[in-house]
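Trainee: Going by mature numbering (1 follows the signal peptide of the UniProt record, and there is no 0), the letters in the sequence shown line up with residues -16 to -1, 1 to 124, in that order.
No residue lacks a Cβ here, since even glycine has one placed at the ideal position from N, Cα and C.
Fair warning: this is a prediction, and the values are worked out from it, not measured in the lab.
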Amino acid sequence: MKKYLVLLFASFMLMACDNQSNSTSAGQPLPETPVETTDMHNSMNSLDYVGVYTGVLPLDNELTEITVQLYDTNYVFAAKGNERKGSFSWNSDGNQITLYDNFGNEFVNFAVGENRLILLDYEHEPVLNSDEEEYTLLKQ
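Structure follows, in structure tokens:
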């Protein structure tokens, strides 16, 4: 008799474990919960952006050889034998930087790509040359 009670108890336990896997106490299936994954990669945390970039950009209505050296949060901008130093900050998406002069005024904007800086206007759109190509500084 004890054997039958133990077997009966064990079978009830197994049935109870099977029934709880995908249902609530009312016997309704549990809703599927989608798992959202967010890609947290951006230029700021994925690229080695620190370094020296060179190229030709429009400056004072003429094309000028430009050198931009980026550090962690500071820069040196060199053109026509003059240097300008200051700080820069990233946009909230982490894919564009804004260079500021020593007075905290916005100086120039760039989109940061793999080994390149793309010149942006004050509305953060790429500045295009006469061939509809972006003005780009390449990392040295």
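Given Ser71, which residues of its chain have a CB within under 6 Å of its CB, disregarding the five upstream and five downstream residues?
Mentor: Translated into positions along the sequence shown, residue 71 becomes position 87. Excluding sequence neighbours, Ser71 sits near Thr57, Asn58 and Tyr84.
Trainee: By a C-beta neighbour count over all protein chains shown, 10 Å radius and 16 as the cutoff for buried, is Gly88 buried or exposed?
Mentor: Locating residue 88 in the sequence shown gives position 104, where the first residue counts as 1. Exposed, by the Cβ-count rule.
Trainee: Out of Val52, Tyr37, Ile81 and Gly78, state which residue places its alpha-carbon closest to the alpha-carbon of Asp69.
Mentor: What you label residue 69 is simply residue 85 of the sequence shown in a count that begins at 1. The amino acid occupying residue 69 in the given sequence is Lys; Asp does not appear at that position. Out of Val52, Tyr37, Ile81 and Gly78, Val52 has the C-alpha closest to the C-alpha of Lys69.
Trainee: At what residues does the alpha helix (DSSP H) containing Ser73 begin and finish?
Mentor: Numbered from 1 along the sequence shown, position 89 holds the residue referred to as residue 73. Run containing Ser73: none in the alpha helix (DSSP H); it sits in the beta strand (DSSP E), Asn66 to Trp74.
Trainee: Using the C-alpha atoms, what's the distance from Leu43 back to Asp115?
Mentor: Here residue 115 refers to the residue found at position 131 of the sequence shown. Here residue 43 refers to the residue found at position 59 of the sequence shown. The alpha-carbon atoms of Asp115 and Leu43 are separated by roughly 17 Å.
Trainee: Alpha carbon to alpha carbon, what distance is there between His25 and Asn86?
Mentor: Taking the sequence shown and counting its residues from 1, the one referred to as residue 86 is at position 102. Taking the sequence shown and counting its residues from 1, the one referred to as residue 25 is at position 41. Between Asn86 and His25, the C-alpha separation is close to 30 Å.
Trainee: Do Pro110 and Glu118 count as a contact pair if the criterion is CB distance below 8 Å?
Mentor: Here residue 118 corresponds to residue number 134 of the sequence shown, with the count starting at 1. Here residue 110 corresponds to residue number 126 of the sequence shown, with the count starting at 1. Yes, the pair counts as a contact, with Cβ atoms nearer than the cut-off.
Trainee: Take Asn79 as the anchor and find which of Glu46, Gln12, Ser30 and Glu90 has the nearest alpha-carbon.
Mentor: For this step, residue 79 is matched to residue 95 along the sequence shown. Ranking the options by Cα distance to Asn79, first place goes to Ser30.
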